[in-house]
Amino acid sequence: MTMKKIGAVAAATAALLVLAGCSTPAPEDAGGTDITLWLMGGDTPDALRDYLKTEYADATGGTLTIEEQSWGDALSKLTTALPDAENTPDVVEIGNTWSPTFTTVGAFTDISDMYDELGGDSLLPSFVEIGEVDGANYALPYYFGSRYMFYRKDIWSAAGKEVPTTLAEFNETAASLKTATQSGFYIGGQDWRNGISWIFANGGELAVKDGDQWVSTLSDPNTIEGLTQLQSLFQSASLAPVTEYDSTPWVNINNNEATGAPEAATIIAPGWAHWSIGDLAPDPNDDTKQVATWNDEVFGTFVLPGVDGGVAPVFAGGSNIAISAASKNQAAAKELMKIIFSEEYQTMLGENGLGPANLDYADSLGDDQFAVALRESAAGSKLTPAAPGWAAVEGSGLLEEFFGKVNEGGDIPALAAEYDEKITALLNG
Amino acid sequence: MSSSVTLRRSRTPYLLLLPAVAILLLGMGYPLVWQIVTSLHEYGLAQQFGQPAPFVGLENFITLATDGALWVVVARSLAFCVITAAVTLVVGTLLALLMTAVTRTARLILQVALLLAWSMPVVAAMTVWIWLFDWRRGVINYVLDMIPGVELYRFQWLASPITFFLVASIIVVWMSVPFVSFSVYAGLTQVSEEVMEAAQLDGANGWQRFWSIILPLVRPVIAIVLLLQLIWDLRVFTQITMLQDAGSKASDYDLLGTYIYKLGTSAQDFGMASAVSILVLAITIALSWFYIRSLLKEDQQ
């Protein structure tokens with residue numbers, strides 16, 4: 030019996046350990062209307078956040094709370110929070126490609142009446158379009174980014190390589206720069222957001238609308254051609270794990286402090302990554318950190334070239350912004366939208382290297398090599414399919430899985446057929 | 015004992031059970047009922063945002079039963095939970111035996127070390143584990159690579175399912191061993207010294223004493239601990255999802271927990287996700303049933 034008692038105590042202890050509670054703080058009204066803004070990841074710099082808080086307080090007397098959500102959890106948090114009037118953020122930044130998923134289920138407020146006031150036709154058209162349902166505006170662009178190449182001038186010139194003018198030339202050069210310890214071009218095997226550039230460049234698509242139904246088009250000959258190039262590029266030029274899908278690519282192009290050499294001769298990264306690329310030195314303010322100082326002698330940028338020269342279409346990164354339909358503070362949320370789309374805030378976005386939603390202020394990006402590369406690559410950039418189920422496709426991890434299997438050396442037509450079936454099942458919501 | 019006394023007495027235990035049952039119903043009943051209801055409906059993102067959910071009967075379950083991918087995940091989860099729970103139990107029991115054999119100081123050090131491992135928050139521990147197994151800078155590769163003949167320079171532990179689940183299993187074992195050791199150790203302290211002395215006098219060696227005397231005596235503790243481990247390891251989620259963040263999101267790396275999570279919160283198919291959850295519940299009940307039945311049998315004896 031003693032033993033059984035111990036067993037019972039163990040079970041009871043276990044039961045207690047399993048019980049975990051969570052509490053939600055109740056919102057409080059003091060002075061003006063207090064609202065919450067969800068921002069995704071750390072892309073919006075602190076100075077811009079402070080500006081929003083101050084301006085909002087001045088305009089309404091209320092407090093603006095900014096909550097940062099990580100990109101990885103954001104979809105599931107949005108799904109649970111947006112329908113719930115008690116917990117929803119009032120204004121929310123979303124990945125541009127998620128817009129159709131949420132607009133089609135009515136998660137956002139129709140803001141067509143403010144469209145002209147917020148910038149109207151000056152707003153980035155492709156992002157406006159993806160946030161529309163039947164001509165009404167639900168989500169508007171917040172900022173756009175674009176991806177271009179960062180390369181090590183020292184390594185490229187030592188090998189006698191020039192900046193490539195066609196995609197084939199790039200693939201070849203990248204492969205020739207690979208050594209046992211250095212990727213010619215560093216790309217994770219499951220990194221589909223960068224990998225799709227090769228599909229787009231070859232005229233392929235991930236999905237198209239056939240009548241009123243979306244279908245996955247991985248088996249399209251152009252898509253297959255792009256995937257074939259990507260597979261051979263991954264195998265011949267990249268040392269990254271075939272399972273890597275999201276990384277901080279700049280750590281690979283900076284010198285590794287242990288070896289004094291970089292992991293990669295070339296990377297593809299969002300434009301703002303240039304703040305993290307350069308010669309590393311200890312941070313004078315915090316000796317546990319390092320700062321990177323851009324060095325034109327060692328580092329350079331170019332835009333991924335297309336199949337016949339020109340610019341290859343890359344994934345148009347960026348965000349949309351919308352007001353939650355369940356929010357109880359619609360008027361206050363609209364006030365915040367006015368601040369975000371003001372000339373001053375749009376200019377601040379550009380000065381920080383984020384493409385402003387209102388193209389009238391695109392000059393604020395400046396004219397250094399980063400701004401030039403951003404504009405050039407953004408001009409040809411493409412969005413993922415505007416299918417209602419697109420967020421589910423991204424959330425399911427199917428694309429990571431598919432690209433990983435392709436880059437591992439799998440049979441592309443067979444894999445494409447298999448994943449077309451899986452993805453089409455999700456695309457229409 | 016007369017039957018009238020039994021009748022009067024028999025009410026008290028039920029009254030005493032009431033609070034426990036009430037808490038259970040409140041805490042678990044609502045989500046469970048909601049889950050069962052959801053599993054019988056088509057419930058996606060549109061329903062989450064207020065559209066009516068069409069009743070589909072057992073359709074979700076039929077889709078699941080005919081979906082080969084699910085059964086692969088179920089088999090993988092069962093294998094993972096059985097192996098991990100068994101290893102945990104063996105290591106935990108060995109450590110408990112060690113505790114009874116060493117000096118007071120050594121035992122205290124051991125116990126403090128185990129307690130620290132037990133009290134470490136999962137996310138903090140996982141962060142450190144992921145650093146240890148990092149393919150470029152991890153200590154594990156660095157140390158193992160120094161052994162002559164072992165080529166583990168930049169070995170990618172999380173890039174193939176076998177090594178991925180090996181790492182996951184090591185971490186889960188590390189996290190659950192303290193609980194097993196302490197429970198078994200508590201059981202071992204109850205084994206009477208007279209019995210052990212008698213066995214020694216009769217000429218039983220160490221192994222015989224362990225196998226024929228200690229083990230049968232602590233069997234009830236081992237049984238409940240094993241059951242709990244099986245259930246916990248079947249539902250393991252945090253460790254797997256964090257390893258997936260560091261490694262791969264592909265379905266080859268899914269156990270039931272992450273499979274349901276992806277189906278529900280990420281792919282927004284709450285109906286199907288609920289149906290799989292109910293399947294997990296059924297497996298858990300089936301597992302526990304063995305234990306409950308053996309408890310009932312012992313009571314009857």
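Chains as they are written, first to last, in our numbering: chain A, 30 to 458; chain B, 15 to 315. Every residue gets a Cβ at the ideal spot worked out from N, C-alpha and C, and that includes glycine.
Proximal chain A residues relative to residue i, where beta-carbon distance stays under 9 Å
i         : result
Phe75(B)  : Here the premise fails: no neighbours, minimum Cβ distance about 18 Å.
Leu59(B)  : Thr108, Thr130, Phe131, Thr133, Val134, Ala136, Pro417, Gly418, Ala420, Ala421 and Gly458
Trp149(B) : Pro270
Sequence-distant residues of its chain with Cβ nearer than 7 Å to residue i (five each side left out)
i         : result
Gln258(B) : Tyr267 and Thr272
Arg222(A) : Phe344
Phe179(B) : Phe94
Asn284(A) : Ala290, Pro291 and Leu309
Pro193(A) : Phe199, Thr202 and Pro334
Contact set for residue i: own chain, Cβ-Cβ below 6 Å, skip 5 residues either direction
i         : result
Ser356(A) : Thr117, Asp119 and Ala362
Trp132(B) : Pro192
Gly278(B) : Phe284 and Ala287
Val332(A) : Tyr177, Val340, Ala402, Glu405 and Ser406
Trp243(A) : Ala236, Ala416, Leu456 and Asn457
Under 7 Å from the C-beta of residue i: neighbouring residues of chain B
i         : result
Ser267(A) : Chain B residues near Ser267(A): none, gap ~13 Å exceeds 7 Å.
Thr105(A) : The amino acid at residue 105(A) is misidentified as Thr; the sequence shows Ser. Within 7 Å Cβ-Cβ: Thr279 and Ser280.
Gly433(A) : Ser262 and Ala264
Gly289(A) : Under the 7 Å cutoff, chain B gives no residues; its nearest Cβ is about 15 Å from Gly289(A).
Leu455(A) : Ala281
With 16 other Cβ atoms within 10 Å as the buried cut-off, status of residue i
i         : result
Leu262(A) : buried
Pro135(B) : exposed
Phe224(B) : exposed
Met140(B) : buried
Ala212(B) : exposed
Trp145(B) : exposed
Met377(A) : buried
Trp67(A)  : buried
Ile368(A) : buried
Asp216(B) : exposed
Thr322(A) : exposed
Pro230(B) : exposed
Neighbour list for residue i in chain A, Cβ cutoff strictly below 8 Å
i         : result
Asp159(B) : Neighbours of Asp159(B) on chain A: none; closest Cβ ~14 Å, over 8 Å.
Leu172(B) : Pro270 and Thr272
Ala67(B)  : What Ala67(B) touches in chain A: nothing, since even the nearest Cβ is about 13 Å away.
Neighbour list for residue i in chain A, Cβ cutoff strictly below 7 Å
i         : result
Gly261(B) : Thr272
Leu229(B) : Residues of chain A passing the Cβ test: none, with the nearest at roughly 11 Å.
Gly64(B)  : Pro112
Leu111(B) : The premise fails here: Leu111(B) is roughly 16 Å from chain A at the closest Cβ pair, so nothing lies under 7 Å.
Residues near residue i by beta carbon distance below 8 Å, same chain, minus five either side
i         : result
Ser105(A) : Gly424
Ile299(B) : none
Ala114(A) : Ala355, Ser356 and Lys357
Among the options, the one whose alpha carbon lies nearest that of residue i
i         : options                                       : result
Pro45(B)  : Leu295(B), Lys311(B), Asp313(B) and Glu312(B) : Leu295(B)
Gln270(B) : Gly261(B), Ala260(B) and Ala289(B)            : Position check: residue 270(B) holds Leu in this sequence, whereas Gln was assumed. Closest by alpha carbon: Ala289(B).
Val460(A) : Asp241(A), Glu380(A), Gly439(A) and Leu378(A) : Residue coverage of chain A in this structure runs from 30 to 458, which leaves residue 460(A) outside it and unanswerable.
Val239(B) : Thr117(B), Thr119(B) and Ala100(B)            : Ala100(B)
Ser291(B) : Leu248(B), Ile254(B), Ser308(B) and Leu309(B) : Leu248(B)
Pro74(A)  : Asn381(A), Leu444(A) and Phe432(A)            : Asn381(A)
Ala281(B) : Gly232(A), Asn284(A), Val340(A) and Thr109(A) : Thr109(A)
Arg78(A)  : Ala236(A), Asp337(A) and Glu97(A)             : Glu97(A)
Leu268(A) : Pro27(B), Phe169(B) and Ala89(B)              : Phe169(B)
Gly233(A) : Asp316(A), Asn251(A) and Ile95(A)             : Asn251(A)
Tyr85(A)  : Ala236(A), Pro311(A) and Ala360(A)            : Ala360(A)
Asp325(A) : Asp139(A), Phe179(A) and Gly395(A)            : Phe179(A)
Tyr167(A) : Lys182(A), Trp185(A), Asp183(A) and Tyr144(A) : Tyr144(A)
Chain-ordered neighbours of residue i on chain B, where CB pairs are closer than 8 Å
i         : result
Val157(A) : Within 8 Å Cβ-Cβ: nothing; Val157(A) doesn't reach chain B, min ~22 Å.
Gly424(A) : Lys276, Thr279, Ser280, Ala281 and Gln282
Thr208(A) : Correct list: empty, because the minimum Cβ distance to chain B is about 14 Å.
Gln219(A) : Ser262, Lys263 and Ala264
Interface partners of residue i on chain B, CB under 9 Å
i         : result
Leu388(A) : The contacting residues do not exist; Leu388(A) stays about 32 Å from chain B at best.
Val121(A) : Chain B residues near Val121(A): none, gap ~14 Å exceeds 9 Å.
Gly101(A) : Asp259
Glu430(A) : Ser262, Lys263, Ala264, Ser265 and Asp266
Residue i Cβ short of 7 Å to the ligand SAM heavy atom set
i         : result
Ile292(B) : Absent from the structure shown: the ligand SAM. Ligands present: none.
* Asked: Quick one: complete alpha helix (DSSP H) runs, 4+ long, within the stretch 263-292 of chain B?
  -> For the stretch 263-292 of chain B, whole alpha helix (DSSP H) runs of length 4 or above, ordered along the chain, are 270-275.
* Minimum length 3: unbroken beta strand (DSSP E) runs contained in the stretch 210-253 of chain A -> Fully enclosed beta strand (DSSP E) runs of 3 or longer: 236-239 and 242-245.
* Which ranges does the alpha helix (DSSP H) cover as unbroken runs of at least 4 residues, wholly within the stretch 199-244 of chain B, from first to last along the chain? -> Segments of the alpha helix (DSSP H) lying fully in the stretch 199-244 of chain B: 207-215 and 220-223.
* Mind pulling the beta strand (DSSP E) runs of 3 or more residues that sit fully within the stretch 260-309 of chain A? -> DSSP runs (the beta strand (DSSP E)) wholly in the stretch 260-309 of chain A: 295-299.
* Asked: Which parts of the stretch 359-420 of chain A are runs of the alpha helix (DSSP H), unbroken and 4 residues or longer, counting only runs that do not cross its ends?
  -> Runs of the alpha helix (DSSP H) spanning 4 or more residues and lying entirely within the stretch 359-420 of chain A occur at 359-369, 372-380 and 398-408, in chain order.
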